[in-house]
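Visitor: Can you keep this structure in mind? I'll have questions shortly.
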Amino acid sequence: MALDQSFIGRSYPPASTYEVGREKIREFADAIGDDNPVYRDPEAARAAGHPDVIAPPTFLTVINLAAINTIVADPELGLDYSRMVHGDQSFQYTRPVHAGDRLRLTTHVEDIMARAGNDFLTVRAEITDADGEPVCTTRAQLVVRGEGA
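Residue numbers for the sequence shown follow full-length UniProt numbering, so the first one is 1 and each next one is one higher.
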């Protein structure tokens, strides 16, 4: 079943605010095997010019995934989750994420296209801080394998 093209251009406002904590950053850095001290030690982060420990570049996947799942779980979209794979992910930062940030995420369905019997869904998220200042734009492309794939 093809994805509903009418979803292109839909926006999903922030559902909540995510407060970035030092422990979550450390846990994420541990999970990806990155021992950079700016992810763990506030003094090392300050020496590098940051107000507190910073998050690894892919940390925002933590909040981005929940927003994407809201879209793909919408039954009107027609997405069969069991046939979905993650095709691509990108992060375009305005500034690093650091402990103490209060982040809000607005998600947009940027594109839906079919190619070679598969559907491709591109989702963009605009992530801002508590003052509404931009922090990062993320894009994820999800591939829904066709029946014959």
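Using N, Cα and C, we set each Cβ at its ideal position, and we do this for glycine too. No experiment lies behind these values; they were computed from the predicted model shown.
Got a sec: does the ligand HEM put a non-hydrogen atom nearer than 8 Å to the Cβ of Leu121?
Guide: In terms of ligand content, the structure shown is empty, and the ligand HEM therefore cannot be addressed.
Visitor: Give the straight-line distance between the Cα atoms of Ser11 and Thr106, rounded to the nearest whole angstrom.
Guide: Cα to Cα, Ser11 sits roughly 7 Å from Thr106.
Visitor: Looking only at its own chain, which residues have a Cβ that is under 7 Å from the Cβ of Pro14, when we skip the five neighbours before and after it?
Guide: Arg104, Leu105 and Thr106
Visitor: In its own chain, which residues sit with a C-beta less than 7 Å from the C-beta of Asn118, not counting the 5 before and 5 after it?
Guide: Val143, Val144, Arg145, Gly146 and Ala149
Visitor: Look at the alpha carbon of His86 and the alpha carbon of Asp111, and state the distance between them as a whole number of angstroms.
Guide: 15 Å
Visitor: Would you call the region 54-67 and the region 34-43 in contact, with 3 or more CB pairs under 8 Å?
Guide: Contact between the region 54-67 and the region 34-43 is present, because at least three Cβ pairs lie under 8 Å.
Visitor: Spell out the partners DSSP gives Asp88 in its beta bridges.
Guide: Gln141
Visitor: May I have a chain-ordered list of the alpha helix (DSSP H) segments no shorter than 4 residues that lie completely inside the region 31-83?
Guide: 42-47 and 61-72
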